[in-house]
Structure formats: C-alpha cells, structure tokens
Amino acid sequence: MFRLHLIPYGSKFDITGKSRFILTLAVIMVIVCFSFVIFKGLNYGIDFKGGYIFEVRMPSVPNITDLRARLNECELGEVAIQEFGAKKDLMIKLEKSKEGSDQSIAIKKVRDILGEGVVYKRIETVGPKVGEELVSNAIKAVAFALIAMLLYIAVRFEWQFGVCAIAALFHDCALIFGMFSIFPMEFSETSITAILLTASYSINDTVVIFDRIRENLKRYKKMALNELVNLSLNETLSRTALTATTTLLAVLALYLFGGKVIASFALPIMVGIIVGTFSSIFVASPLLVFLNIKRKDDDELKNSDHGVPANLG
C-alpha cells in the first residue's frame, strides 16, 4: 500500500540537540507578545467595545462592498457587515463613535442608507459593560480549556507530560494574542474561537508525540532520555508534517475564497496551525528532557536490551 511521507521515515534530525536555543527563542517570543498585549493592548472589535447590531432582510441581494462604503461615509464608527443565513439577510454591526452620537440619530442614518423595503428583524445596542463581560468570559474560557487539558494529560500520562503540554499551549496562546496586538487585526468573539481551535489542534499533535515517547520509554529501557525523545520526534515527524500541511491547505482555501468575514477568522487559525506544530515538536517534547522523566522500573533499566523501532503508519 502506498503511503505518503512528506519527511522520509527514519530521519535523524537532532531536534533535542538544539532545544536550548529554540526554547530560549520561544521564551523571548512569549515575553515580546505579552509585552505588546499589556502595553499596547488589543484592537477590540464591536463585540467588546460596544455599538449597534442590526439584523435586516434586504429587498434584493445587496452589494456588501458598496453598502459598507456608504455606511463608512456617515462616520458612525467601525462597520462590520456579514451575510446572516440567506444572501438577502445581513447582520450589520456599528461601533459607537468616539463622540458618542445619539442612538436614535445613528439608527436613523442606517435606515436612510438601507432605504425602503428593508425588514428589521432585530436592533440592539451593545454597551461597554457587555464588552467588559465578554472580555472576562473570553479569558475564563481560555483558562478553563487549558486547565482541562492539563488534567487530561496528567491523568493519561505523567504529571511531567501535563506540565510540558500546558507550557506549549501557553506559548501558542501567547503568540496568537500577540499577533492580534502587534498587527492591526480586530479582536472579536471569533478570535476567541480561533484561539481555542489552535489549542485543541496543538494538543492533539502533542498527545500523538507523547504517546510515541511513552511507547519508546517501555521499548528502549537503556536509551538516554534525550536520544529517546529525539527518536520519537523523528518517528512522528512525517505524520505531524502531513497533518499540518493538509489542515493548512484547507484553511488557506477558506482564507482565499471565503470572503472578508471568513478570512478574518481563517487567518489566526492558519497562524495557530503553524505555531501549534512548532510548539508540539520544539517546545513540549524537548521540555520533557529538562524535567527528566523517571522510568517506572529502575531495576529493568540495568538488564533490558534495546528493541527494534516500530514503523509509524
């Protein structure tokens, strides 16, 4: 049976040999990203800053680009428009302007631009307090997800595996948050979804590698830990590269052809796939060497021989 290997099986890349340099670089990146988040902050979207939400049904299929341009001309604040179900159904979000224009004036301007024959299904005002609650809930969602993953890894493997997995996930989340702060990207509710997706993707890759390390711990009783981790990484490298590449291509298609709203959601996921793959290989697994995992049966270490590595499908 033909099997695709982006990286030939049996490769012998010295990944753990460069772990000190790579881990130092990872720590620096985390510090830089958190510094930007703390001192520069995030470019919060309408969901967090507050504004107006309109759910409307247009009399005909609208030109969203033209409609967005006309709404921007009114200087009501930042405008976000997306299809909501059918092509005639739109969700329009308007950020409250810095001058704090009256709600009735803002709604009247939107009605004038949309014209006659529009059915208004919902008009809501999102206050800044709601935005603060969303920020708080978003932080809690990410924190609870990390804690749940820590418990899962610690129960399934050893506590050292759990610590390394969470360190890698912390690295991933820090870099994604930093991306939203460093670059002019809007941080909205979908951004939280993208961060959680990144965490789940990264932990899946990490668990696969950890599983191979655990198997090799039983198979190679006398092998040095750094060599064993290096062997496990090389054995799973083709699978990791293939999974990352296929997933990246799928999300890239969404970014290129899914429209502006989908693209803003797909971009952080693409970055997350790259960051998550990097952390699974170069952060989570090499950290195990520094924590010096103890073998369960020290007596067997003295009397056991090396086994033969199993081929990874």
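For the sequence shown, this note's numbering begins at 2 and goes up steadily by one. Glycine is no exception: its CB is placed at the ideal position from the N, C-alpha and C atoms.
Output needed for His172: all residues of its chain with C-beta closer than 7 Å, excluding positions within five of it in sequence on either side, in chain order.
In the sequence shown, counting from the first residue as 1, residue 172 sits at position 171. Listed in chain order, the non-local C-beta contacts of His172 below 7 Å within the same chain comprise Ala27, Val31, Ser280 and Val284, local neighbours out to five positions each way being set aside.
Which runs of the beta strand (DSSP E), 3 residues or longer, sit entirely within the stretch 181–220?
none
Closer than 9 Å to chain B by CB, Thr126
The displayed structure is made up of one protein chain only, and chain B is not part of it.
Between the stretch 221–229 and the stretch 58–76, do three or more beta carbon pairs fall short of 8 Å?
With a cut-off of 8 Å, the stretch 58–76 and the stretch 221–229 do not count as touching, because too few Cβ pairs lie within range.
Residue of Ile294, Ser61 and Lys13 minimising C-alpha distance to Gly116:
In the sequence shown, the residue the question calls residue 116 occupies position 115. Ranking Ile294, Ser61 and Lys13 by Cα distance to Gly116 puts Ser61 first.
Output needed for Ala267: all residues of its chain with C-beta closer than 6 Å, excluding positions within five of it in sequence on either side, in chain order.
Along the sequence shown, read from residue 1 onward, the residue named residue 267 stands at position 266. Val252, Leu255 and Tyr256, listed in sequence order.
With 16 other CB atoms within 10 Å as the buried threshold, where does Val230 fall?
Position 229 of the sequence shown, counted from the start, is the residue given in the question as residue 230. Per the 10 Å Cβ criterion, buried.
Since Phe181 and Leu43 are thought to touch, with beta carbons under 8 Å apart, how far apart are those beta carbons, to the nearest angstrom?
Along the sequence shown, read from residue 1 onward, the residue named residue 181 stands at position 180. Along the sequence shown, read from residue 1 onward, the residue named residue 43 stands at position 42. Going by Cβ atoms, the distance from Phe181 to Leu43 rounds to 5 Å, so yes, they are a contact pair.
Cut-off 6 Å between Cβ atoms - residues of its own chain near Lys88, not counting five sequence neighbours on either side:
In the sequence shown, the residue the question calls residue 88 occupies position 87. Exclusion of the five residues before and after Lys88 leaves Val62 as the residues of its chain whose Cβ lies within less than 6 Å of its Cβ.
Roughly how many angstroms lie between the CA atoms of Gly259 and Ser265, to the nearest whole one?
Along the sequence shown, one-based indexing puts residue 259 at 258. Along the sequence shown, one-based indexing puts residue 265 at 264. Each residue's Cα considered, the two are about 10 Å apart.
Just reading off the beta strand (DSSP E) that Gly52 is part of, what are its end residues?
Within the sequence shown, the letter at position 51 stands for residue 52. Counting along the chain, the beta strand (DSSP E) containing Gly52 begins and ends at Gly52 to Arg58.
Reduced DSSP secondary structure (H/G/I, E/B, other) of Phe279:
Here residue 279 refers to the residue found at position 278 when the sequence shown is read from its first residue. In this structure, Phe279 counts as helix in the three-state DSSP scheme.
Between Phe291, Ile196, Leu292 and Val290, which has its C-alpha nearest Ile274's C-alpha?
The residue labelled residue 274 in the question sits at position 273 within the sequence shown. Selected option, being the one with the closest Cα: Ile196.
Using the Cα positions of Ser305 and Ile294, report the straight-line distance between them to the nearest angstrom.
Working through the sequence shown from its first residue, we reach residue 305 at position 304. Working through the sequence shown from its first residue, we reach residue 294 at position 293. Residue placement at Ser305 cannot be trusted, given a pLDDT of 42 that sits under 50; what the coordinates show is reported in the next sentence. For the pair Ser305 and Ile294, the Cα-to-Cα distance works out to about 18 Å.
Going by DSSP, what residue range makes up the alpha helix (DSSP H) through Val373?
The question about residue 373 has no answer, for the chain in this structure spans 2 to 314.
Pull the bridge partners of Ile124 from the DSSP assignment, please.
Taking the sequence shown and counting its residues from 1, the one referred to as residue 124 is at position 123. DSSP, once it has assigned bridges, lists Phe55 as partnering Ile124.
At least 3 beta-carbon pairs within less than 8 Å: the stretch 147–164 vs the stretch 239–253:
Fewer than three Cβ pairs drawn from the stretch 147–164 and the stretch 239–253 lie within less than 8 Å of each other, which leaves the two stretches out of contact.
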